[in-house]
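Numbering (my numbering), first residue to last: 23 to 567.
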């Protein structure tokens, strides 16, 4: 009897142990790691073809992380430098951007005062060789990797310029990608600061620029442009808010699974200005830290948020070291603006073609209120206080950009003109525009409009429904009439095309800062900001309706 009881008790204990083992998450981890390791080993040993172990492991890791969210990423040693560049805003290289055109990579832009510019490299230079290595057929990534390198190392680059080869010796340097590509005065009394990303020390730089604008230019209001700003360091977003928000104000709260990832962040320094009217510009490319700043300004009514709905990234990542100099960036928390809302898109896998948040049912979103009682919502980025419709440009302009016709004409112009007027004063005369039209006539270019797509759909549908025979002649006549009008697009959209020509040509002489400066003249969002700041009654009505 006693033996039997011992057996029963033993079985019960064994069953319970097994049950708790399966309930234990550490057992689950250990079990699955063993299964994964065994599969990995057997694949490498038995698979019919040779397996590249590193590539196989990278694929497995990336597939696993993809199940979580788009921002939890594995960063192998080979990509750590690129990640450092995005975080710090500096790298060792020549200071140029490149683009692939046919078989070669071409310089599309050089940074002001960077090694490439100092050496004499210009946009349009076709890279033929790098350190005697043939560049034909190589990708932009391959060429980019060859151009980058430790500061104070020399690189030999052979380029083709207008049919002739030229060799340049470039001394690589520590290239600083400015977090503020442009700042200045965009209207009487109105300052402007464009912030490209929240890299290290960017808030300090914004403060320095703001001080100059305030003391030397006597600005009375400010536009902070965060459009296309993908975010960056959380600490910089908090410091940025601290420039314009009183001390001890809540900026953002993070909430994570671990205690150390749950924290409230308040302003901790004396601000530079808490009263000046501010308009913050945002769009679908404004994400993460940009949304913390714009969401905080909106929640406490520190400024008007203007533009388009932001990206919707309310997740906080922390980078952790891995073996063999790799890193992993893990989402450790969600962040919440002062009203209590999380702007993380409810469904980050479904977005519009331009990257913006798709339509979200009101039933899925929660209402919150700003300090003044206005209603704001969670679950889909920051909805601006004032939504501005963007310009829609015709198909011909997209073609002129994508097929590098504007790019090539600007390069030719720069070759023949040593200098131009100041960026804001530069205009495309009718004579110069006619030169561009003549330039296009020597090149092949074609584009499809929405009207032509509609013609094709009508013809296909009519054929399927057996109506085509009866309307074919009318349809062809309509197409012929349409073609005659389409051929006039180059004149019809003359003013719009001039805007893009100015942008391209100014970039050759005044670099990115000049391009941004002149572009603001044609920018409906910037012009709306000026209109609001010039009308204090409208500004106050938006914040306190």
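Every residue gets a Cβ at the ideal spot worked out from N, C-alpha and C, and that includes glycine. Owing to the predicted nature of the structure, the values given are computational and were not obtained by experimental measurement.
Item, Value
"Alpha carbon to alpha carbon, what distance is there between residue 296 and residue 43?", "Reliability of the predicted coordinates at residue 43 is poor, the pLDDT of 49 falling under 50, and no value is obtained from them."
"I'd like to know if the segment 173 to 188 and the segment 226 to 234 are in contact, where contact means that at least 3 CB-CB pairs between them fall below 8 Å.", "no"
"Rounded to whole angstroms, what is the Cα-Cα separation between residue 538 and residue 203?", "8 Å"
"With DSSP collapsed to three states, give me the class of residue 184.", "coil"
"Whole angstroms are fine: how far does the CA of residue 289 sit from the CA of residue 115?", "37 Å"
"Buried or exposed for residue 530, going by 16 or more other Cβ atoms inside 10 Å?", "buried"
"Roughly how many angstroms separate the alpha carbons of residue 205 and residue 48, rounded to a whole number?", "53 Å"
"In whole angstroms, give me the CA-to-CA distance for residue 59 and residue 278.", "30 Å"
"Please go through the same chain and pick out, in chain order, the residues whose beta-carbon is closer than 7 Å to the beta-carbon of residue 262, but skip the five residues on each side of it.", "225, 228 and 315"
"Indicate the three-state DSSP secondary structure (helix, strand or coil) for residue 528 in the structure shown.", "helix"
"Let's see if you can read the secondary structure: which residues bound the alpha helix (DSSP H) around residue 445?", "No alpha helix (DSSP H) holds residue 445; DSSP gives it neither H nor E."
"In chain order, what are the residue ranges of uninterrupted beta strand (DSSP E) at least 3 long that sit wholly in the segment 272 to 352?", "272 to 278, 285 to 288, 300 to 304, 326 to 329 and 337 to 343"
"What do you reckon, is the C-beta of residue 78 under 7 Å from a heavy atom of the ligand SAM?", "The model depicted lacks the ligand SAM and carries no ligand whatsoever."
"Relative to the alpha-carbon of residue 220, which residue among 239, 247, 252 and 554 has its alpha-carbon at the smallest distance?", "252"
"Counting C-beta neighbours from all protein chains within 10 Å, is the total for residue 460 16 or more, i.e. buried, or is it exposed?", "exposed"
"Taking buried to mean at least 16 other C-beta atoms within 10 Å of its own C-beta, is residue 533 buried or exposed?", "buried"
"Residue 407 and residue 320: beta carbons closer than 8 Å?", "yes"
"Look at the alpha carbon of residue 498 and the alpha carbon of residue 454, and state the distance between them as a whole number of angstroms.", "36 Å"
"So, helix, strand or coil for residue 43, using DSSP?", "Because residue 43 carries a pLDDT of 49, less than 50, the predicted location of this residue cannot be relied on, and no value is offered for it."
"On the criterion of 16 or more Cβ atoms from any shown chain inside 10 Å, does residue 145 qualify as buried, or is it exposed?", "buried"
"Apart from the five residues on each side of it in sequence, which residues of its chain come closer than 7 Å, Cβ to Cβ, to residue 415?", "518"
"Suppose the cutoff is 8 Å on Cβ atoms and the five residues either side in sequence are ignored; what does the same chain contact list for residue 358 look like?", "274, 275, 276, 277, 336 and 364"
"Which two residues bound the contiguous beta strand (DSSP E) that contains residue 214?", "212 to 216"
"Take the Cβ of residue 479 as the centre, count every other Cβ of all protein chains shown within 10 Å, and call the residue buried at 16 or more, exposed below.", "exposed"
"Considering only C-alpha positions, which residue in the set 555, 564, 282 and 447 is nearest to residue 299?", "555"
"For the segment 546 to 553 and the segment 458 to 472, state whether three or more C-beta atom pairs, one from each stretch, are separated by less than 8 Å.", "no"
"Anyone know if the C-beta pair for residue 432 and residue 526 falls short of 8 Å?", "yes"
"Using a 10 Å radius around the Cβ and a threshold of 16 neighbouring Cβ atoms, would you call residue 282 buried or exposed?", "exposed"
"If you check the beta carbons only, do residue 350 and residue 303 fall under 8 Å apart?", "no"
"Enumerated in chain order, which unbroken segments of the beta strand (DSSP E) with a length of 3 residues or greater are wholly contained in the segment 199 to 248?", "204 to 209, 212 to 216 and 243 to 247"
"Which residues in the same chain have their Cβ closer than 6 Å to the Cβ of residue 121, if we skip the five residues on either side of it in sequence?", "128 and 130"
"If you drop the 5 nearest sequence neighbours on each side, which residues of the same chain put their C-beta closer than 6 Å to that of residue 175?", "194"
"Does the Cβ-Cβ distance between residue 9 and residue 394 come in under 8 Å?", "In the structure as shown, the chain begins at 23 and stops at 567. Residue 9 is therefore absent and cannot be evaluated."
"Assign residue 563 to buried or exposed, taking buried as 16 or more other Cβ atoms, counted over all protein chains shown, within 10 Å of its Cβ.", "exposed"
"Work out the CA separation of residue 170 and residue 117 for me, nearest whole Å.", "9 Å"
"Can you give me the start and stop residues for the beta strand (DSSP E) that residue 391 sits inside?", "389 to 391"
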